[in-house]
Every structure is written in C-alpha cells, then in structure tokens.
Amino acid sequence: MPRKPLPALALVSLGCHKNLVDAERMLACLTLDGFAVTADPDGADVAVVNTCGFIDLARAESDQHIDALEEMKRDGRLGRIVVAGCMAQRYGPLILHRHPDVDAVVGLAERERLAEICRQVLGGKPARRKRKRHGARSDAAHGPLVCVGPVPSGVPDDRERLRLTPRHYAYLRITEGCDNRCAYCAIPDIRGPLRSKPPERVLEEAEELVADGAKELVLIGQDTTAYGHDRPDGGRIADLMEDLCEGSGARWIRLMYAHPASMPAELIDQFAAGLPLVPYVDLPLQHVCTRILESMGRRVGRAGIENLLDRLRAAVPRVAIRTSFLVGYPGETEADFEELLTFVQKVRFDHVGVFVYSPEEGTRAAALAGRVPAEVARQRWERLMAAAEALAHEAAARHVGETLEVLVDGADAGGRLAARHAGQAPEVDSAVLLPAGAARAGEFRTVRVTGAEGYDLVAEVMKDEDA
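Residue 66 is where the sequence shown starts when you use our numbering, and the numbers rise one by one after that.
Take a look at the structure:
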C-alpha cells in the first residue's frame with residue numbers, strides 16, 4: 066500500500082526575535098513528530114500563527130494574518146488554524162470571539178506540546194463557528210481547543226531548533242521574562258518574571274549553533290544585562306560573556322536588549338577588549354526627560370544615561386549604539402519632547418527606532434492622566450524620525466573611504482549583495498551593499514566603502530582577500 070502522506074503544516078512567526086526562537090523550536094518539534102513543513106499555508110493541513118501581542122500594531126498584524134487564514138479555511142484551501150505565541154497567552158479564549166474559525170489557542174507553556182495539539186485538531190471536526198453580535202458560538206461537536214495556562218515559570222530550553230535565519234547567524238536567548246515592570250509594558254504579564262538560563266546550557270546552545278554554521282551569535286532576552294540577577298550562584302552577564310567569548314567558537318557575538326540601569330562596568334571593559342564581542346550595543350532608552358523616565362519606572366534618569374554613554378564611548382571610541390524611544394507617553398509636554406529631540410541631535414546615535422506610545426490594558430501607564438492626543442503624538446514621531454534619519458544619512462556618508470570587515474548576508478531586493486559591518490545588527494539596521502556575485506553569503510570579506518545611499522553604505526570587495 067502507498068504510504069500515507071505526511072500532514073502539511075505552515076508556520077507564520079510574527080514579532081520579535083524571542084518569538085522567532087520559539088518558532089524555530091516549534092518547527093523542530095513538528096518535523097520530528099512527522100509533519101511536513103511548507104512555506105505556503107494555501108493547501109496546508111494546518112497553519113500555526115506564532116503571534117505577537119505586545120502593542121496595538123503587533124496585535125493588528127496578528128489579527129490580519131489570522132483573518133487571511135480564516136478566509137483560506139472557509140474557501141476550503143486550509144484545514145486547521147492554531148494560534149500560539151504572546152497574543153494567545155495574553156488573551157486565551159477571547160481570541161475566539163474575534164476569530165471564530167480558529168481550531169486551537171495555545172499558550173507559551175505548551176510550546177513543546179504543539180505537535181500533539183496539531184494532531185488533536187486534525188483528528189477532530191474543524192471549528193466552524195457562527196458569529197453573533199456579542200461574541201461567537203461553536204457549531205463543531207468538539208469545539209476549539211484552548212490550551213492556555215499560567216505564565217511559564219521555567220526557563221525555555223531552546224536547543225535543537227530548526228533555524229529560520231540564514232546559517233551564518235543565529236539568535237541566542239539568554240533570559241526569559243522581565244523584572245523591570247516598566248509602567249507602559251505588559252511583557253512581565255505575558256512572559257513572566259526574569260529567568261536566566263544556566264550558563265552551561267547557554268554555552269551548550271551556543272556551541273550547537275556554531276556547529277550548525279553560525280558565525281555570529283546575537284544574544285537576546287527582555288533584559289539581557291540583568292542576566293543572572295535571579296540566580297543564586299551569583300553569575301552575571303559579564304561572567305556569561307567571558308564564557309561565550311572563550312568557549313563558543315563564534316567569530317562575532319552581539320548583545321541586544323541591554324537596559325541602561327543594569328549595564329555593569331565589567332561588560333564595558335569586555336566591549337573594549339574587542340572581538341568576538343563586537344563594538345555594538347542595543348540600548349533602549351525610551352526617553353531622556355528624567356520626570357518621564359521616573360513615571361515610566363525606568364530606574365535611571367538623564368544624568369545616569371549620559372554618564373553611561375560617556376563611559377561607553379570613552380572605553381570603545383568606535384562603538385555603535387542602537388536605541389529606541391517612546392513619544393506621546395502620558396504627561397509628555399512639548400518641552401519634554403523638545404528635550405528628547407535636542408538630546409538625539411546632540412548624542413548622534415548610530416541607529417534609532419521611534420514608537421508612538423500605545424496604552425496597554427493592565428499597565429500602570431494606561432491609568433495615567435495627561436494622555437497626549439494621537440495627532441500630536443504622531444507629529445512628534447515624524448519629527449524625531451526625521452531627525453534620526455538625517456543623522457543616520459550623515460553617519461553613513463562619514464564612512465566613505467573606510468576599509469571595513471563585513472559579513473555577507475545574501476542578495477537584497479535590488480540584486481546586489483547585502484552585508485553588514487560590526488556596527489550593524491541583522492534585520493533591524495542598515496546594510497553594506499556590494500556588487501552582485503562579489504562574495505557568497507556567510508563569508509567575511511574586507512571591503513572599501515565607496516559611497517552611501519541613505520542609511521546604507523556602498524562598497525567594493527578588496528582583491529586578494531582570504532575569506
């Protein structure tokens with residue numbers, strides 16, 4: 066008898082790099098359980114959406130993807146729909162009111178059981194629910210599955226993943242959850258308190274990723290510089306970084322999601338020591354007005370921020386600093402915003418992200434008075450983004466004539482090669498553009514910068530380079 070074909074499964078992962086790591090672990094579990102992974106949900110037996118539920122825009126994106134899958138299902142082009150990730154954890158069965166054709170809602174604690182849950186929904190009748198004005202009801206005999214429990218208390222084991230990134234770089238999660246309880250942020254309610262992975266497990270995972278071809282490890286977590294604060298053995302981020310630099314075998318190690326209130330002096334010394342820790346810091350500041358920072362619960366004011374930036378640049382003159390800011394936070398006056406704008410123009414960060422404040426239910430900030438009108442917040446976003454863009458273009462132009470080591474990522478949309486120097490993180494920063502065919506993805510090459518196109522650099526590969 067012919068073998069029964071494997072059930073086809075499509076996975077859509079949205080949101081941050083932490084969510085991506087979860088998706089990679091999900092894919093490994095699903096393939097080991099006998100699912101055939103496909104990139105296109107059209108025609109699949111089941112589609113899994115690994116959602117983001119952090120802010121309004123992220124939830125809207127998740128809803129749009131689920132809407133599209135529901136339409137496929139109603140047209141008979143998709144079998145089942147499973148919603149997982151942060152939005153599933155945060156809202157649980159409430160998702161079914163917005164999405165009546167979803168077959169299962171799966172919380173964060175059930176990541177390792179996802180294959181079992183997918184087989185369960187494939188074995189039952191599909192959820193086909195009639196909408197009501199005030200909610201939804203199920204016409205299926207079994208009804209949709211809701212597998213959402215309390216926020217996980219353990220540390221996720223991210224080893225043995227099926228990676229979605231190019232082979233030459235990988236994300237390495239070192240912490241899960243957060244203890245900061247910033248007034249605007251719902252992450253601790255979704256992901257739980259800070260839990261640091263044991264250092265031996267981090268190193269084992271790093272070695273596994275390098276053996277799988279990763280030349281660059283990108284360290285992530287909700288607050289990476291708080292690593293170890295929850296552990297009784299006393300190990301901290303500087304100790305972990307020493308282990309990774311000495312034992313992982315990675316050529317580049319990059320630190321993301323550092324908190325300005327928990328950056329130890331020892332870590333700054335490690336940046337100054339050089340590779341494999343690249344001279345790059347992702348340091349979300351959120352604001353610079355001390356009154357706003359205090360309201361946010363950021364545990365650091367303007368003086369502390371300026372002191373940290375001065376120490377970083379004194380120790381590592383070529384350090385690249387990425388940051389992000391919130392505009393339109395409750396109580397932000399025009400003077401507060403002008404202080405932030407002037408600060409950004411003075412400090413000249415290498416990479417800047419700007420977000421409009423989004424009130425999140427259950428957070429302290431959502432109950433604050435002094436809500437900034439949406440149009441005013443939008444205008445502030447546009448002004449700060451314009452200033453950051455102009456500074457980034459000036460910074461790119463200053464690189465012309467320099468010789469840089471880059472890691473080649475692959476072809477960009479225009480057919481040229483996209484590469485990155487040490488001051489550029491994958492996926493979120495600008496690129497170094499090389500002629501098509503000048504190198505291969507995953508190679509380190511030495512290049513000479515010949516020009517700039519907006520945020521990006523244009524360069525040529527130097528001859529006689531030993532990659």
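Built from N, CA and C at the ideal position, the CB exists for glycine as well.
What are the complete beta strand (DSSP E) segments, minimum 3 residues, inside the segment 331 to 412?
If you keep only unbroken beta strand (DSSP E) runs of at least 3 residues inside the segment 331 to 412, you get 342 to 347 and 385 to 392.
Neighbourhood of S423 by C-beta, 6 Å cutoff - its chain only, sequence neighbours within 5 removed:
Excluding positions up to five away in sequence, the list reads I120 and D121.
Give every residue of the same chain whose Cβ lies closer than 6 Å to the Cβ of A385, excluding the five residues on either side of it in the sequence, and list them in chain order.
Once the five neighbours on either side are set aside, the close Cβ partners of A385 are Y345, D415 and G488.
If you drop the 5 nearest sequence neighbours on each side, which residues of the same chain put their C-beta closer than 7 Å to that of L268?
Excluding sequence positions up to five before and after L268, its CB lies within less than 7 Å of the CB of D308, L309, G312 and S313, all in the same chain and listed in chain order.
Presumed contact (8 Å Cβ cut-off) between D168 and I146, rounded CB distance:
Contact flag correct, Cβ pair sits at about 5 Å.
Going by the DSSP bridge assignment, what does T290 pair with across the sheet?
Beta-bridge partners assigned by DSSP to T290: none are found.
Cβ pair V86, Y322 closer than 8 Å
Between V86 and Y322, the gap from beta carbon to beta carbon reaches 8 Å or more.
Buried or exposed for L320, going by 16 or more other Cβ atoms inside 10 Å?
Taking every protein chain shown into account, the CB of L320 has 16 or more other CB atoms within 10 angstroms, so this residue is buried.
Counting only runs that start and end within the segment 287 to 326, where is the alpha helix (DSSP H) found for 4 or more residues in a row?
Runs found: 302 to 312.
Backbone CA spacing between M137 and Q287 [nearest angstrom]
When rounded, the separation of the alpha-carbon atoms in M137 and Q287 is 35 Å.
For V392, the nearest candidate out of P70, W446 and A434 (CA to CA):
Considering only alpha carbons, the answer is W446.
Identify which residue in E273, N245 and G242 has its Cα closest to the Cα of Y15.
What is shown of the chain runs 66 to 532, which leaves residue 15 out entirely.
Measuring alpha carbon to alpha carbon, tell me which residue in C250, F408, D140 and A434 is nearest E426.
Nearest C-alpha to E426: C250.
Would you kindly work out how many angstroms separate the C-alpha atoms of R301 and G480, rounded to a whole number?
The alpha-carbon atoms of R301 and G480 are separated by roughly 43 Å.
Take V275 and list the residues in its own chain whose beta-carbon comes closer than 7 Å to its own, dropping the five residues that flank it on each side.
Cβ neighbours of V275 beyond the five flanking positions: S313, G314 and A315.
In its own chain, which residues sit with a C-beta less than 6 Å from the C-beta of T398, not counting the 5 before and 5 after it?
Hits under 6 Å: none found.
Is G80 closer than 8 Å to A123 when the C-beta atoms are compared?
Taking the C-beta atoms as reference points, G80 is found nearer than 8 Å to A123.
Helix, strand or coil for H130, going by three-state DSSP, please let me know.
If DSSP states are grouped into helix, strand and coil, H130 belongs with the helices.
Are the beta-carbon atoms belonging to L95 and L74 less than 8 Å from one another?
In this structure, the beta-carbon distance from L95 to L74 falls below 8 Å.
Kindly give me the distance between the Cβ atoms of A461 and L522, rounded to whole angstroms, as I take these residues to be in contact under 8 Å.
Confirmed, Cβ separation roughly 6 Å.
Are the segment 427 to 439 and the segment 470 to 484 in contact at 8 Å, needing three or more beta carbon pairs?
With the cut-off at 8 Å, the segment 427 to 439 and the segment 470 to 484 do not touch.
Endpoints, beta strand (DSSP E) assigned at D87:
Where D87 is concerned, there is no enclosing beta strand (DSSP E), although the alpha helix (DSSP H) it sits in stretches over H82 to L97.
CA-to-CA distance, G208 to L282, given in whole angstroms
Distance between the alpha carbons of L282 and G208: 43 Å.
Can you find the residues in the same chain that come closer than 6 Å, C-beta to C-beta, to G293, ignoring five residues on each side of it along the sequence?
Here the set comprises S261, G300 and R301.
What residue ranges within the segment 105 to 158 form continuous beta strand (DSSP E) runs of no fewer than 3 residues, ordered along the chain?
Qualifying beta strand (DSSP E) stretches, in chain order: 111 to 116 and 145 to 150.
Between the segment 495 to 512 and the segment 361 to 373, are three or more C-beta pairs nearer than 8 Å?
No, they do not touch.
Fully enclosed by the segment 415 to 484, which beta strand (DSSP E) runs are 3 residues long or longer?
Runs of the beta strand (DSSP E) lying entirely within the segment 415 to 484 and spanning at least 3 residues, in chain order: 416 to 421 and 468 to 476.
Which residues mark the beginning and the end of the beta strand (DSSP E) in which G516 is found?
Judged by DSSP secondary structure, G516 falls within the beta strand (DSSP E) whose first and last residues are F509 to E518.
In angstroms, rounded to a whole number, what distance separates the CA positions of A439 and S78?
Each residue's Cα considered, the two are about 29 Å apart.
Are the beta-carbon atoms of T116 and M152 separated by less than 8 Å?
It is a contact, given that the beta carbons lie within the stated cut-off.
Mind checking who S261 pairs with in its DSSP beta bridge?
According to DSSP, S261 bridges with T240.
Among D347, A380, A379 and A326, whose alpha-carbon lies nearest the alpha-carbon of L284?
Residue nearest to L284 within the set D347, A380, A379 and A326 is D347 (criterion: CA-CA distance).
Would you please state the rounded distance, in angstroms, between the beta carbons of L76 and A88? I believe it to be under 8 Å.
For L76 against A88, the beta-carbon gap comes to about 6 Å, under 8 Å, which counts as contact.
In angstroms, rounded to a whole number, what distance separates the CA positions of H164 and W317?
When the Cα atoms are used, H164 and W317 turn out to be separated by approximately 43 Å.
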